[in-house]
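Number 67 in the UniProt record's numbering belongs to position 67 of the sequence shown; there are no gaps in the numbering.
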Amino acid sequence: MPKSLTSTSGPHELRACTECRKRKSKCSGTPPCSYCSRASKPCIFGRPSLRTPLTRKNMDQIERRCASLTALLHRLNPDVDIEDALKTTTVPPRGLQAAAYDGVNPASVDEFEWSESSLGSPGELRRVGLDGMASLPTGGTEAGYLGSSAGSSILRTVPGLIPEQSGLETNRRKQVSSEDPSQNPDLLLQAHLGTSTILDDLVNAYFTYYNTSYPILHESTFRQQYQNRHRLPDRSSWHPIFYIVLAIGNWILGGTSGSRECQYYSAARSRMSMHMLESGTLLTVQVFLLIGNYLQKRDRPNTGYNFIGIAYRMALGLGLHREPPAGAKTDSLFHERRRVVWWIVYCFDSGFGITTGRPVMASDSFIETCLPRNIDDSACALTSILPTPSDRPTTYSAIIAHARLASIGNNIYSNVISAPKENILDLKISRSLDHRLKAWRLSLPVYFSAQDVPDWFRGPRAVVGWKEQNIRMMLWWGSQRLCRILSDGEEAQNMCHYVAIETIQDITTFCLDYRDNIHVGLSWYATYFLFQATIVLSIHYLRPHQPLDMGPDSVNQELWALSISRARDCLAQLSQNNEAASRCLAVLERIRDQSERSQQSSLTPSGTRPNASVHADHTQLQPALATEDTVPTTFAIDPALQILFQDTSWNNDIFEGLQGFPITDEVEAFDYMPSNA
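Structure representation (structure tokens):
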């Protein structure tokens with residue numbers, strides 16, 4: 001590892017930093033210099049710009065090169081007019097903007113087309129689009145298709161509950177516009193790539209906080225290549241992995257606003273090409289998995305969804321879903337790594353499908369790959385024979401449990417959550433699926449419930465538990481939606497509320513007890529699962545309910561109110577470093593304000609509630625009968641949270657005016673209508 005940016009074969013670096021050279025002042029010559037330390041400026045020691053001597057030889061060489069490039073352009077495009085092309089300043093259109101250049105009326109473009117600006121352009125103000133959780137709406141279309149299980153479909157039928165556009169986007173605009181244009185992003189990237197301390201911190205963050213949940217990479221193999229990276233050509237197949245690891249590590253450490261993050265991702269992206277699709281390797285699958293999951297968490301879910309889809313197809317092409325042939329040599333760590341990568345592909349496909357409400361592609365019917373074993377391979381090479389499974393937490397512990405859970409979740413999603421509303425559900429099916437989830441939890445190794453576990457394992461263990469609770473909650477919510485018998489609907493509703501309270505209790509307790517363990521990646525999951533559980537309980541206040549002094553209902557409502565209050569406090573804490581948590585809080589604020597106004601308006605002039613039917617709550621389980629004049633209302637959001645807000649009485653868009661969340665206008669029978677229809 002070089003100690004500085006100076007190379008023995010290249011030009012000497014300048015002994016004055018860029019800030020001191022701009023000020024034309026003396027520089028102490030060691031980073032950070034005394035001036036930059038006092039002024040809190042980035043201290044960058046670059047190399048002097050290379051100037052080509054103006055000689056006849058050099059001019060002839062440049063002229064020959066220009067002639068060669070001109071000939072190449074004409075071979076690639078015989079009709080091109082180079083002079084006209086040089087005068088053209090218009091940037092080629094991308095995404096939906098291309099429609100106008102193709103002679104297509106923009107209004108006629110498919111509603112589910114989308115365009116997510118690249119993270120590789122730090123100076124470009126991106127359009128507000130989907131959040132990676134698919135939980136909340138944007139202010140327009142172009143978010144892609146989102147089905148009924150996606151987070152924000154819970155909220156879709158509850159209008160007018162979102163405050164006007166928050167300051168988040170305004171602040172983001174100011175932040176982008178205030179970036180110092182004199183700072184060269186490439187120079188910053190090269191400076192940090194030459195600083196071993198920064199790189200080591202990013203790599204360590206990746207393997208400590210990310211790879212322990214999704215062990216896409218074999219740590220010792222990567223670190224060996226990392227130490228020898230200077231011997232590899234700059235465009236090697238390993239470099240996309242290297243740069244996306246840096247991007248994920250930077251995101252985990254909270255570097256979400258600087259240009260370094262964009263440059264790490266941009267460096268990975270620039271080293272990818274169509275040639276990667278012309279051959280199949282395990283390394284390529286790993287690249288697509290990492291970039292796809294990273295983009296989802298950086299609020300580029302459609303782009304990430306495509307990358308995960310490529311990884312899934314390539315994994316099938318490599319036969320990762322099959323065990324090695326019976327005649328293969330002794331089972332090695334390489335074969336085990338194939339199993340690990342396959343089950344991560346499976347989990348990502350399942351999770352992405354349920355999160356966005358899109359079809360889950362993987363089917364257990366054709367998978368024969370065994371689950372990974374709980375081994376400690378930190379001292380093993382890929383050619384090593386597998387070590388004996390351990391009874392302690394390892395890098396593979398969380399993904400083993402996650403893969404088994406994803407298989408059950410896919411079954412629940414296809415049979416209940418995404419089932420058409422016209423289906424009539426036998427509650428025995430829901431009870432059986434719930435029993436499978438309980439059996440899954442009981443079968444987990446003891447270290448999933450023990451207190452004495454390594455700190456690094458607490459986060460991965462918690463996320464797997466939150467996933468199970470979320471799937472179980474959605475199982476009972478979906479069951480309630482499909483029930484036609486009053487008692488079955490009541491049972492499903494009670495079970496759903498119980499799991500929601502349990503979820504809030506577990507997440508808020510974890511966030512209080514292990515504040516030092518909450519990094520950006522863990523906060524992302526905590527926000528997503530906590531918000532959905534809180535919405536499930538908040539729905540109660542959007543329906544007619546009993547007064548607080550009527551027996552068991554009063555206890556339930558007090559417990560719900562306490563749980564919602566705990567969730568709000570936890571989201572407020574998470575919002576300090578998580579913009580999505582701030583937006584979720586805004587949603588809950590609107591629900592609370594609207595429900596309070598609703599309750600006040602329901603009081604009689606004497607200040608008492610009118611007599612309520614004993615079954616007032618239960619009748620709300622049945623959808624209102626439609627009349628001939630009933631027209632399905634479309635809202636300027638995606639259907640992500642729609643399912644949890646069915647049968648409420650609001651008529652406006654709950655997300656009106658709030659930016660930063662996904663959007664898709666879903667009506668009954670999957671009839672999608674444009675916002676201006």
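Positions of the beta carbon are idealized from the N, C-alpha and C atoms, including for glycine.
This structure is a prediction, so every number in the text was calculated from the model and none was measured.
| field | CB of E63 within 7 Å of CB of K41, strictly | value | Contact: no.
| For T355, the nearest candidate out of L574, Y525, Q576 and V587 (CA to CA) | For T355, the closest alpha carbon among the candidates L574, Y525, Q576 and V587 is that of Y525.
| said: Can you check whether the C-beta of F222 is within less than 7 Å of a C-beta belonging to chain D? | reply: Given the protein chain composition of this structure (a single chain), no chain D is represented.
| request: Compare the C-alpha of F529 against each of A462, N494 and Q451 and name the closest. | output: Sorting A462, N494 and Q451 by C-alpha distance to the C-alpha of F529 places A462 at the top.
| Whole-angstrom distance between D201 and H250, CA atom to CA atom | Checking the sequence shown, residue 250 turns out to be Asn, not His. Roughly 9 Å between the two C-alpha positions.
| said: Please classify N470 as buried or exposed, where buried requires at least 16 other C-beta atoms within 10 Å of its C-beta. | reply: Buried: at least 16 other Cβ atoms inside 10 Å.
| query | Can you tell me the Cα-Cα spacing of D506 and S449, whole angstroms? | reply | Cα atoms of D506 and S449: separation of roughly 13 Å, rounded to the nearest angstrom.
| task | Would you give the residue range spanned by the alpha helix (DSSP H) that K26 belongs to? | result | No alpha helix (DSSP H) contains K26, which DSSP labels as neither H nor E.
| query | Going by C-alpha distance, which of C570, Q576, Q573 and F531 is nearest I591? | reply | Residue F531 is the option with its Cα nearest to I591.
| request: Check the C-beta distance from S237 over to L283 and give it rounded, since I have them as a contact under 8 Å. | output: Correct: roughly 6 Å between the Cβ atoms.
| task | Take M361 and list the residues in its own chain whose beta-carbon comes closer than 8 Å to its own, dropping the five residues that flank it on each side. | result | Hits under 8 Å: G309, Y312, D349 and G353.
| query | From A401 to L559, what distance separates their C-alpha atoms? | reply | The C-alpha of A401 lies about 31 Å from the C-alpha of L559.
| field | First and last residue of the uninterrupted alpha helix (DSSP H) at S220 | value | Its alpha helix (DSSP H) spans residues E219 to Q227.
| query | If you drop the 5 nearest sequence neighbours on each side, which residues of the same chain put their C-beta closer than 7 Å to that of S378? | reply | Excluding the 5 residues flanking it on each side, S378 has same chain C-beta neighbours closer than 7 Å at E219 and S220, in chain order.
| request: Please list, in chain order, all residues of the same chain as P240 whose beta carbon is under 6 Å from its beta carbon, the five residues on each side excluded. | output: Taken in chain order, the residues that qualify are A268, R271, M272 and V287.
| Excluding sequence positions up to five away, which residues of its chain have a Cβ less than 6 Å from the Cβ of D376? | Only S390 and T394 meet the Cβ criterion.
| In this structure, does DSSP put S432 in helix, strand or coil? | Of the three classes helix, strand and coil, the one that applies to S432 here is helix, per DSSP.
| message | Three or more C-beta pairs under 8 Å: does that hold for the segment 298-307 against the segment 327-342? | response | The count of Cβ pairs closer than 8 Å, one atom from the segment 298-307 and one from the segment 327-342, stays below three, leaving the stretches out of contact.
| request: Jot down the residue ranges of each uninterrupted alpha helix (DSSP H) in the segment 445-515, minimum 4 residues, whole runs only, in chain order. | output: Whole alpha helix (DSSP H) segments, 4+ residues: 455-482 and 486-513.
| message | Beta-carbon within less than 7 Å of D549's beta-carbon, same chain only, minus the 5 sequence neighbours each way: which residues are those? | response | Interpretation of D549 is limited by its pLDDT of 44, a score under 50 that renders its predicted location unreliable; the figure taken from the coordinates is listed afterwards. Closer than 7 Å at Cβ, skipping near neighbours: no residue.
| request: Starting from N250, trace the alpha helix (DSSP H) both ways and give me its first and last residue. | output: Residues H239 to I252.
| field | Y396 vs P215 beta-carbon contact at 7 Å | value | Yes, Cβ-Cβ distance for Y396 and P215 is below 7 Å.
| Assigned secondary structure, V350 (DSSP; H/G/I helix, E/B strand, else coil) | For the sequence presented, residue 350 should be read as Ser rather than Val. In this structure, DSSP gives S350 a helical state, which the three-state scheme calls helix.
| field | Given 8 Å, three or more beta-carbon pairs between the segment 419-429 and the segment 484-501 | value | Touching, yes.
| query | Under three-state DSSP, which class holds P417? | reply | Note that residue 417 is Ile in the sequence shown here, rather than Pro. If DSSP states are grouped into helix, strand and coil, I417 belongs with the helices.
| task | Name the two residues that bound the continuous alpha helix (DSSP H) containing C36. | result | According to the DSSP assignment, C36 belongs to the alpha helix (DSSP H) that extends over S34 to A39.
| Residues in its own chain within less than 7 Å of T90 by CB, not counting five upstream and five downstream? | Per-residue confidence for T90 stands at a pLDDT of 44, beneath the threshold of 50, marking its modelled position as unreliable; no derived number is given.
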